[in-house]
Amino acid sequence: NDVKDIESKKVKYNGSHPELAARLEKETLYTNPGFDYNDVAGLSDAKRILQETLGIGRPWRGVLMFGPPGTGKTLLAKDVATECGMTFMNISCSSLCGKSYGESERLTRCLFELARGDALTIIFIDDIDSLCKHETSRRIKSELLVHTDGLNNSNSTSGNISDTFDERRLEKRIYIPLPYFETCKELIRINLKPIEHKKAEGYSGDDLTNICRDASFSGMRRKIAGKTIDEIKNILKSEMLKIPMTMENFLETVDKIKPTVSSGDIQQHEKWYSEFGSS
Ligand code: ADP
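Using UniProt numbering, read the sequence shown as starting at 1 and increasing by one per residue.
Structure (structure tokens):
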């Protein structure tokens, strides 16, 4: 599906820089609506603002999402694109950093030409501040501004590309913070979903505590496998504690540790409860 979408985009490009378009396409990740759906935890205000901004249908709007990395900015944009039936073009800012003078502007322009090949597209540019040299990044941002409001807003200073880019001119500026406690819980729940397929039910609280404890040691076990006692002693305790547990470790542990309560036991308790229990 993804491949087909990319091919159809290639045909649609009829701008003046096919070679730049081809370069961008290679580095662009397209996702089809309805494809690759992920659950987003929290971020409901941010989601509403994005939906409203995109839903109104006026083209070429600029939205800035800022905040620490790994907090769901990409995921959220993808999610909203999917919901709105839009194509999602994910491109790293470094792909827009041209080598020669003026190339970055041409690449940026070309990116928008590519997106015009499809009526509904979100262009998601990652790491806008961190990957280019300051001057290149400034020029890319100025060009972006032209496409996100400059040319479509009659009151704007369109044409004056050399205007200093100011993030405040983007139509929406959404802060995506670290997750709050409730969102953390939701994140953990989402990530434990695969365990539902492994039949997490049937375990007692004690079993689940043991699974978590055992899984947390799995990284450590990997680290010490095949080592002698002396070698193990030399591994710093602080280093041991830093070894991450992966979802795979967790699922392996769920497989390994069986529920300690049998279904026969449960049936007996339930039978007794139905006869003599207090309600
Ligand atoms: P950012 O773009 O802010 O750097 P990403 O959206 O790429 O972060 O998040 C990286 C991964 O972390 C996601 O693919 C997802 O697995 C997980 N993640 C981060 N935030 C969330 C969230 N709010 N809900 C669900 N998953 C999240």
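Ideal Cβ placement from N, Cα and C applies to all residues, glycine included.
Quick one: give me the first and last residue of the beta strand (DSSP E) that residue i is part of.
{"i": "residue 305", "result": "Here the chain has residues from 1 to 279 only, and residue 305 is not among them."}
Helix, strand or coil for residue i? Go by DSSP, reduced to three states.
{"i": "Y180", "result": "coil"}
{"i": "K172", "result": "strand"}
{"i": "D127", "result": "coil"}
{"i": "I257", "result": "coil"}
{"i": "L251", "result": "helix"}
{"i": "K10", "result": "Caution is warranted here: a pLDDT of 47 is assigned to K10, below 50, making its placement in the model unreliable, and the coordinate value is therefore given only provisionally. Note: K10 maps to helix in three-state DSSP."}
{"i": "M245", "result": "coil"}
{"i": "S238", "result": "helix"}
{"i": "K233", "result": "helix"}
{"i": "E186", "result": "helix"}
{"i": "G226", "result": "coil"}
{"i": "E201", "result": "coil"}
With 16 other CB atoms within 10 Å as the buried threshold, where does residue i fall?
{"i": "M247", "result": "exposed"}
{"i": "Y101", "result": "exposed"}
{"i": "S218", "result": "buried"}
{"i": "D79", "result": "buried"}
{"i": "K73", "result": "buried"}
{"i": "L20", "result": "buried"}
{"i": "H269", "result": "exposed"}
{"i": "C93", "result": "buried"}
Determine the extent of the alpha helix (DSSP H) in which residue i is found, giving its start and end residues.
{"i": "S137", "result": "H134 to T148"}
{"i": "A215", "result": "G205 to S216"}
{"i": "K271", "result": "S263 to F276"}
**Request:** Please confirm if the segment 110–121 is in contact with the segment 87–97, defined as three or more CB-CB distances below 8 Å between the two stretches.
**Result:** yes
**Prompt:** How about the segment 168–181 and the segment 132–141: do they share at least three Cβ pairs that are nearer than 8 Å?
**Reply:** no
**Asked** What are the start and end residues of each continuous beta strand (DSSP E) run of 3 or more residues lying completely inside the segment 43–125, in chain order?
**Response** 63–66 and 87–92
**Prompt:** Would the segment 209–216 and the segment 252–259 be scored as touching if the rule is three or more Cβ pairs under 8 Å?
**Reply:** yes
**Asked** Any contact of the segment 177–186 with the segment 222–240, i.e. 3+ C-beta pairs under 8 Å?
**Response** no
**Request:** Answer yes if the segment 142–149 comes into contact with the segment 105–114, meaning at least three C-beta pairs across the two stretches below 8 Å, and no otherwise.
**Result:** yes
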